Amino acid sequence: MKSFLLVFCLITSIGFTQTIIRGPYLQSPTETTITIMWRTNVPSNSTVWFGQNQQQLVQTATGNSNTTEHTVLISGLTPNTKYYYAVGSQSIYGGNTLSHYFYTNPVIGSQDSLRVWAIGDFGKGNAGQIAVKNSFLSWNSQNKTDVWLWLGDNAYNDGKDSDYQSKVFGLAGFSDIFSFMPFWPSPGNHDYNEVWQESAFLGIPYSNIPLEDHEGPYFNIVDVPTQAEAGGFPSNLEVFYSFDYANVHFLSLNSEVYDFAQTGTGINRMINYINDDLSQNQQDFTIAYFHQPPYSKGSHDSDDLYEDVMRTMREEIIPVLESHDVDLIVCGHSHVFERSFLIKNHYGKSDTWDPAQHLVNGTNGNFSAGNAYIKDKYNQQNDGAVYVVCGHSGSENSDGTMDHPVFCYDDNGAGVMGSFVIDIYRNRLDGKYLRSNGTIQDHFTILKKNLAVENTIDTLCLGNSMMLQAPFIGGSDSLVFSWENGSHNTQVWSVAPVQTTNYSLQTTDLLSGQIVISSHQVVVENCVSNIIETAMPFTIAPNPVHSTLQITASTEILSVRLFDMAGLEVLNSKPNTTITNIDVSRLKEASYVVEVLINNRVYRKNIIIAH
């Protein structure tokens, strides 16, 4: 009897061994957080071990308990940093390999380069889906993929949990990227077949159901930011949301909020969200993505009478996006690849296309040929957008006329599949169409005039010299500085005026062709040691300073920066108060320039540190 019980317990123990049957996979990375999710065969607690060395996973985070659907939020991370991780309960049972890692995002607004990979209509579980993934990994080589976009119809045919398991998360040849590549999804009509199976026609809800009640397998597998945790504006819903990465704003919309009853409730709520979100957006580039495209002549024809969702997105959503000067709109649904010229204000069927009204730039957008599309961040108008349809990352189509007049390039046919890659660095965006055979078939560039140079007022003690330089943001790496009509072609210029003098600076971005003129005044004073200077809208004391410099203003001091006489920044503070104390005790004795930002204007004074 004892032997029988021992064998029975052993069999029972083996039968309930913890096994991962989905994931682990990554969701919603930010500068300091990330969410890790996985599924197990039996319930347990949820623990993640992580660290910057794969051999030393010494930090832990815990999530939900006694569950098979594990979700763990890791916080307190360092921006722009690589971490390795493992998952388990009381002990590790998954991960802990060189392919189980993640990167935190860079600081929002930074000029870091980023690579985006977008796939649409991919979840067929077929060889083409795997070929598309492999072609990207091969072409991408060892480069990091920062943002992975899902364009809808992520799991055929009905977006069931079993569809996601067999054709996405568990598909051999495709599932190996989830351990290190977080995805940012949007849903398609096939994903909604399961979401609204009781009230749907062709996968689209025909009754007006509150957005809060949108639920099902798609929403169960994702954990997207609803409270602007990754930037943007709170949507309070997983139905649509936004996030930032470096200097790019992404807007994940949902074409499936349309209802055949045409109440407009879902669409209007999404329009309100777009306006709220993009009104506060200050990023250099904005990319919107969703499933059903406003224009296509592929497996779906945006002119067809029954394509109500495509028509509604074109007539109701596109005008709102263009009013906020969105740069790029990427969709799926039509099982082809199509890429537009730089266009605007076209909200009708294809036969209403008028190049005189709608075509902003009719070239191919090729940078090397001098045809890049150029937009201006600061001109407060609609400069047009480029539209991309990439709905063949696992699907294919040989039908369709493929002759919509908005498109510059298109591609389809039996066995023709691919994905869309976006590279962004500073004020340059490059879009590339990558076929599953590993070739780049189409590419274009958008350049953004986003250079801004501040006018400055500096104070100089009579008899001293100073390094004159203009604070600027934006622009490319190819900037040319010209002081005083070309007399000094350098970013930093040493001056020693004997009286108050105005200097002009012309800054040219050779990449975008943008030219900015700024004015820089140097106020010359007779300086007396330890007397507070009052020529500016603030006071600095004492000067010379031994350990603590106090700056006092009548309005809020937005930032304080200290430069040495070579122009190198040695201190940066953002007090956001009217009085601030700056510790300079660790700086060596020398002359410095204090730069103060008040009311969006830059002022400078020379000080001496003498311990």
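In terms of the numbering used here, the sequence shown opens at residue 310 and continues consecutively. A virtual CB, placed ideally from N, CA and C, is assigned to each residue, including glycine. Values in this document were obtained by computation on a predicted structure and should not be read as measured data.
Item                                                                                                                     : Value
Local conformation of G541 per DSSP, three classes                                                                       : coil
Opening and closing residue of the alpha helix (DSSP H) in which F445 lies                                               : A436 to N449
Residue(s) in a DSSP beta bridge with L386                                                                               : Paired residue(s): none; L386 is not in a bridge.
Residue range of the beta strand (DSSP E) that includes S868                                                             : T857 to D873
Cβ neighbour criterion (16 or more within 10 Å) applied to S561                                                          : buried
Pair within 8 Å by beta-carbon distance, S745 and S444                                                                   : yes
contact_flag[the segment 349-366, the segment 395-402] where n(CB pairs < 8 Å) is 3 or more                              : yes
Pairwise C-alpha distance: A436 and I627                                                                                 : 34 Å
Identity of the residue in T748, I918, L777 and A723 nearest Y901 by Cα                                                  : I918
Presumed contact (8 Å Cβ cut-off) between H642 and T595, rounded CB distance                                             : H642 to T595, Cβ: 21 Å. No contact.
Local Cβ density within 10 Å of T816, reported as buried at 16 or more and exposed below that                            : buried
Paired residues, beta bridge with E834 - DSSP                                                                            : C770
Whole-Å CB distance - G429 paired with S707, under 8 Å assumed                                                           : No, G429 and S707 are not in contact; Cβ-Cβ is about 18 Å, not under 8 Å.
Cutoff 8 Å; reference H797; Cβ partners in own chain excluding five residues on either side                              : S791
Segments assigned alpha helix (DSSP H), at least 4 residues, entirely inside the segment 618-656                         : 627-632
Cutoff 8 Å; reference P806; Cβ partners in own chain excluding five residues on either side                              : L769, V831 and V833
Own chain partners of L276 with C-beta closer than 6 Å, once the 5 adjacent residues on each side are dropped            : Residue 276 is absent from the structure shown; the chain starts at 310 and stops at 920.
Whether I580 touches V629 by CB criterion (8 Å)                                                                          : yes
Cut-off 7 Å between Cβ atoms - residues of its own chain near S475, not counting five sequence neighbours on either side : G434
Endpoints, the alpha helix (DSSP H) within which P526 is located                                                         : P526 to I530
Exposure of R895, with buried meaning 16 or more beta-carbon neighbours within 10 Å                                      : exposed
Beta-carbon spacing of F549, Y582 below 8 Å                                                                              : yes
Cβ neighbours of I840 in the same chain (closer than 7 Å, five flanking residues each side left out)                     : Bear in mind that a pLDDT of 39 at I840, under 50, signals an unreliable position, so the number given afterwards is only what the model happens to contain. Cβ within range, chain order: n/a, list empty.
Proximity of I766 and L738 at Cβ, strictly below 8 Å                                                                     : no
Neighbourhood of K757 by C-beta, 6 Å cutoff - its chain only, sequence neighbours within 5 removed                       : D593, K684, K686 and N736
DSSP-derived helix/strand/coil call for T454                                                                             : coil
Distance, V669 Cα to E538 Cα                                                                                             : 35 Å
Among V762, F847, K914 and I916, nearest to I888 - alpha-carbon criterion                                                : F847
Rounded Cβ spacing between N463 and P494 (contact assumed at less than 8 Å)                                              : 6 Å
C-alpha distance - V903 paired with V825, whole-angstrom precision                                                       : 24 Å
Simplified DSSP assignment, three categories, for M579                                                                   : helix
Residue interval of the alpha helix (DSSP H) (run including P664)                                                        : P664 to H667
Given V804 as reference, the closest of M776, G783, S821 and D786 once Cα atoms are compared                             : M776
Euclidean distance between Cα positions of G540 and D553                                                                 : 5 Å
Own chain residues within Cβ distance below 8 Å of K653, not counting five before or after                               : E631, H667, V669, N691, D692, G693 and A694
Local Cβ density within 10 Å of N502, reported as buried at 16 or more and exposed below that                            : buried
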